[in-house]
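A short write-up of the structure that comes next.
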Amino acid sequence: MALIEVDHLSKSYGSHLVLDDISFSFEGGQIIGLLGPNGSGKTSLIKILVGLIKDYSGHAYIDGHEADPHTKAMVAYLPEKTYLADWMRCVDAIEYFADFFLDFDKAKAYKMLDTFQLPPKQTIKSMSKGMQEKLQLLLVMCRNAKLYVLDEPLGGVDPAARAFILDTIMKNHPEGSTILLSTHLIYDVERIFDSVLMIGRGKVLLKASVKEIRESGRTIEELFKEVFQYAWQVD
Amino acid sequence: MLGKLIKNDFKSTAHSMFGIFLSAAITFVVMVLVFLIKNRTLMVLSSVVLGGICIGALIITLFSIIGSFNKSLYGAQGYLSFTLPVTGKQLLASKTVVSLIWVTISFVFTIAVVAFLVFYWSAQTSDSLKQTLQTVYQMLQSMQGFPDVGTAIKVISVIVIYLFIKALFLIFKVAFSLSVANTKKCQKYNPILIAILIYFAVYVVLQVATIAAAYIPVYLAVGSSGIGLEINNALIGLADGTSIFLKIPILGYIFEAVVCILLYVATGNIMTNHVNIK
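Chains as they are written, first to last, in the working numbering: chain A, 1 to 235; chain B, 1 to 278.
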C-alpha cells in the first residue's frame, strides 16, 4: 500500500482552481520533493494531507486513511507559520509535544535545545523569528514519525540557515521514514531527493524518480525551469 | 488524550487569568490592612478597586473563552491544534470543560467578593461579625420565610444547574459562532464580524423563544415540601399550602438545554468536517 495516495483531488478558492483533479501516489521510505512556483497549490495539497483543509473533492490518503487521529499520530508537520502559543517557553513546547506525540523523543529535544543554542526558559514571544523557526524544526525532527511533511522549510532564510535546516532534517529523520518537502528553491535541495512531484496550473506536471531524471541527462533544476517556464512567459 | 488537552488548555488560559486573581489577592490583603488601621478613605478606594477587579475577572473570562477558540483553534495555533492526534469533538470538549471551569471560578469569585464587601462594610458599622451575620439572617427571614436547610440545598442545586446551563449556553454560542465564521463559505468575509453576527442571531432567536416560553405558565417550583411543578397556579408534586422559594419557567429552561446539545453537536461537526485553517 502506498504511504501517500491522492485520488482525483480538487480544491478551489472561489473561482480559482488550485488543484484540478490530481492523482498520484508514493511509496514510503523516500524523500519526496514537492516542487512548484509560488501559488501552485503546494501548501493547499499539504494542508489537505495533514487535515487543515476540509473542503475539497476527491481523496487524500496517508497510510490508507484520510486525515484523522491515526494519520496525525504518524505525521510530523512543519508549517510555514509559527504555530506555538506566545506564552510558551521552549520547555513548555517540548512538554506539549511529549504529551501528545507518543513518538516524541524528549531527551533528544532537550539535547538539541542546547545544540541549537535555544534558552530553555525563553518565551516564544521574546524570540526572534529565526529562533522560533529553529524551535519548531527541533520539535518536528525530535519525533520518530513515519512521515515528515515540511512546508517550505527553506523559504525566506539565508544560505547558511538553509544548510543548517537541511543538515538537521537529514541527520534526524529515522531510517525508513518518508519526507515530503515542499520548496521552490531547487538548487539547495536537489541532492537529497529520491523523487519529485511538480505541480502547477492545478495539475501534476511531472512525477518522477531522481534516478529517471538523471538518466535523462538533466538536473532537477533544469527540469523545473523547463516545466515551469510558462509561469514567467509573457504573451 | 482528552485529559492532556484539558491540562494544556487550562495551562494556556491560566496565563490570562492569573494576573487578575493575583491583583484580587493583593487588594484583599491591602483591604484587611487598611481596615486594621481604620483608614476610611483607603477602605473605600480598595473596595472600589476590588469591585473593579471582580468586573474585570468576568470580562477577562469572556475574552479568554473567545480567545481559546479564536486564537488557539482558528488562528496560527490552529496549525498545531488541528494536527494533534485528536478528534474535533475532543478539541471542543476540552475547550468547553476549561471554559466552564473558568466561568465557575469567576462566578464563585464574584460571589465571594460581594459577600466579602458586605461583611467588610457591615463589620465597619456593626460591633462584631456575629451581629453582621444576625442582620443577614434577619434579612433573609423577612423575605419569604427562611427555608430549612434541606429546602435551601434544593434551591441552591436548582440555581446551580440553571447557571450551569446558562454558562454552557454562552460557551457553545461563542464556539458555534466562531466555528461557522471559519468555514469556507464565511471565510471570504471578516470572520470576527461574521462570528458577532451569528452570535447575536442565535441570541435573538433564543431570547424570543425564551420570552415566548415564559408566557406558558409552567414553572419548576422549589418549596418546603420538595421540588414540583406549578401550572396555572396549581401545584403538582408539592403539598397544598407549600411555601415556594424558587420558581423558574421550566420550558425556557428545557429549551436552552436542548439548544445547548444542538449547538455542541453542530459545532463538533463543523470543526471536524467544515473548518479550514487559514
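For each residue, glycine too, the CB sits at the ideal point set by N, CA and C.
Legend entry - Same chain, Cβ closer than 6 Å to B:Ser-68, neighbours up to 5 away in sequence not counted: Cβ contact annotation for B:Ser-68 (same chain, cutoff 6 Å, sequence separation greater than five): Thr-13 and Lys-95, in chain order.
Legend entry - Partner residues on chain A for B:Ser-72, Cβ-Cβ distance less than 8 Å: Those within 8 Å of B:Ser-72 in chain A are Ala-85.
Inset, instruction - Determine the burial state of B:Tyr-253: buried for a count of at least 16 other Cβ atoms within 10 Å of its Cβ, exposed for fewer. - result: Flag for B:Tyr-253 reads buried.
Inset, instruction - Run down chain B in chain order and give the residues with a C-beta less than 8 Å from the C-beta of A:Gly-51. - result: Simply Phe-82 and Thr-83.
Inset, instruction - List in chain order: all unbroken beta strand (DSSP E) runs of 3+ residues lying wholly within the stretch 238–277 of chain B. - result: Counting only runs of 3+ residues, the beta strand (DSSP E) found wholly inside the stretch 238–277 of chain B occupies 244–249, in chain order.
Inset, instruction - Measure the CB-CB distance between B:Lys-188 and B:Tyr-219 and report whether it falls below 8 Å. - result: Annotated as distal: B:Lys-188 and B:Tyr-219, with beta-carbon spacing of 8 Å or more.
Inset, instruction - Taking only the alpha-carbon atoms, compute the straight-line gap between B:Asp-148 and B:Ala-234 and give it to the nearest angstrom. - result: A direct Cα-Cα distance of roughly 23 Å separates B:Asp-148 from B:Ala-234.
Legend entry - Complete runs of the alpha helix (DSSP H) confined to the stretch 95–177 of chain A [at least 4 residues]: Runs of the alpha helix (DSSP H) inside the stretch 95–177 of chain A: 106–115, 129–141 and 159–172.
Legend entry - Through-space distance from A:Gly-51 to A:Asp-68, alpha-carbon basis: Computed Cα separation, rounded: 7 Å.
Inset, instruction - Determine the direct distance from the alpha carbon of A:Phe-164 to that of A:Asp-151, and round the result to whole angstroms. - result: For A:Asp-151 and A:Phe-164, the distance between alpha carbons rounds to 16 Å.
Legend entry - Three CB pairs or more closer than 8 Å across the stretch 34–45 of chain A and the stretch 174–190 of chain A: In the pairwise beta carbon analysis, the stretch 34–45 of chain A is classified as touching the stretch 174–190 of chain A: at least three pairs are separated by under 8 Å.
Inset, instruction - Check whether the Cβ atoms of B:Met-271 and B:Ser-179 sit closer than 8 Å, and answer yes or no. - result: Contact: yes.
Legend entry - Check whether A:Ile-4 and A:Ser-23 have beta carbons under 8 Å apart: No, the pair does not count as a contact, with Cβ atoms beyond the cut-off.
Legend entry - Extent of the continuous alpha helix (DSSP H) to which B:Ser-16 belongs: Start and end: 2–36.
Inset, instruction - State the Cα-Cα distance for the pair B:Met-17 and B:Ile-60, rounded to the nearest angstrom. - result: Roughly 7 Å separates the two Cα atoms.
Legend entry - Check whether B:Ala-319 and B:Phe-109 have beta carbons under 8 Å apart: Residue 319 of chain B falls outside the range modelled here, since chain B spans only 1 to 278, and no answer is possible.
Inset, instruction - Establish whether the CB of B:Ser-157 and some CB of chain A are separated by less than 8 Å. - result: So no, B:Ser-157 is outside the interface.
Inset, instruction - Can you pull the chain B residues whose beta carbon is under 7 Å from the beta carbon of A:Tyr-77, in chain order? - result: Residues of chain B passing the Cβ test: Thr-83.
Inset, instruction - Whole angstroms is fine: what's the gap from B:Tyr-162's alpha carbon to A:Gly-64's? - result: The C-alpha of B:Tyr-162 lies about 46 Å from the C-alpha of A:Gly-64.
Legend entry - Interface residues of the stretch 88–100 of chain A facing chain B [CB-CB below 7 Å]: Cβ contacts with chain B come from Tyr-96, Asp-99 and Phe-100.
Inset, instruction - Would you decide whether A:Gly-200 is buried or exposed? Buried here means 16 or more other CB atoms lie within 10 Å of its CB. - result: Counting Cβ neighbours within 10 Å, A:Gly-200 comes out buried, since at least 16 surround it.
Inset, instruction - Closer than 8 Å, Cβ to Cβ, to anything on chain B: give me those residues from the stretch 7–31 of chain A, in chain order. - result: Listed in sequence order: Gly-14.
Inset, instruction - Can you give me the start and stop residues for the beta strand (DSSP E) that A:Ala-76 sits inside? - result: Where A:Ala-76 is concerned, the enclosing beta strand (DSSP E) stretches over 75–78.
Inset, instruction - Check A:Arg-89 in the structure and name its three-state DSSP category. - result: In the structure shown, A:Arg-89 sits in a strand (DSSP, three-state: E or B).
Legend entry - Within-8 Å CB hit, A:Asp-55 to chain B: The Cβ of A:Asp-55 sits closer than 8 Å to at least one Cβ of chain B.
Legend entry - Status (buried if at least 16 other CB within 10 Å, exposed otherwise) for A:Val-210: Under the 10 Å beta carbon count, A:Val-210 is surrounded by 16 or more other beta carbons and is classified as buried.
Inset, instruction - Throw me the rounded Cβ distance for the A:Asp-188 and A:Leu-154 pair, which I believe falls under 8 Å. - result: Contact annotation, A:Asp-188 with A:Leu-154: C-beta distance approximately 6 Å; criterion of less than 8 Å satisfied.
Inset, instruction - On a CA-only basis, which of B:Gly-223, B:Ser-46, B:Leu-262 and B:Gln-77 is nearest B:Val-155? Give me that one, please. - result: For B:Val-155, the nearest C-alpha among the options comes from B:Gly-223.
Inset, instruction - Could you work out which residue in B:His-274, B:Ile-261, B:Lys-11 and B:Val-98 is closest to A:Asp-92 when comparing CA atoms only? - result: Selected option, being the one with the closest Cα: B:Lys-11.
Inset, instruction - Compare the C-beta of B:Tyr-79 with all C-beta atoms of chain A and state if any pair is closer than 8 Å. - result: It does; some Cβ of chain A falls within 8 Å.
Inset, instruction - Measure from the C-beta of A:Pro-69 to each C-beta in chain B and report whether the shortest distance is under 8 Å. - result: Interface flag for A:Pro-69 against chain B is set, since a Cβ pair is found closer than 8 Å.
Inset, instruction - Determine the chain A residues that contact B:Ile-277 at a beta-carbon separation under 8 Å, and present them in chain order. - result: The contacting residues are Lys-47, Leu-52 and Ile-53.
Inset, instruction - Check whether the Cβ atoms of B:Pro-85 and A:Phe-100 sit closer than 8 Å, and answer yes or no. - result: Their beta carbons are under 8 Å apart, which means B:Pro-85 touches A:Phe-100 by this criterion.
Inset, instruction - Please list, in chain order, all residues of the same chain as B:Leu-263 whose beta carbon is under 6 Å from its beta carbon, the five residues on each side excluded. - result: Take B:Leu-263, set aside five residues on each side of it, and the residues of its chain with a beta-carbon closer than 6 Å to its own are Phe-172 and Phe-176, in chain order.
Legend entry - Distance, B:Ser-64 Cα to A:Val-204 Cα: Rounded to whole angstroms, A:Val-204 to B:Ser-64 spans 44 Å at the Cα level.
Legend entry - chain A contact for B:Ala-266 (CB, 8 Å cutoff): For B:Ala-266, the answer is no, since every Cβ of chain A falls outside 8 Å of its Cβ.
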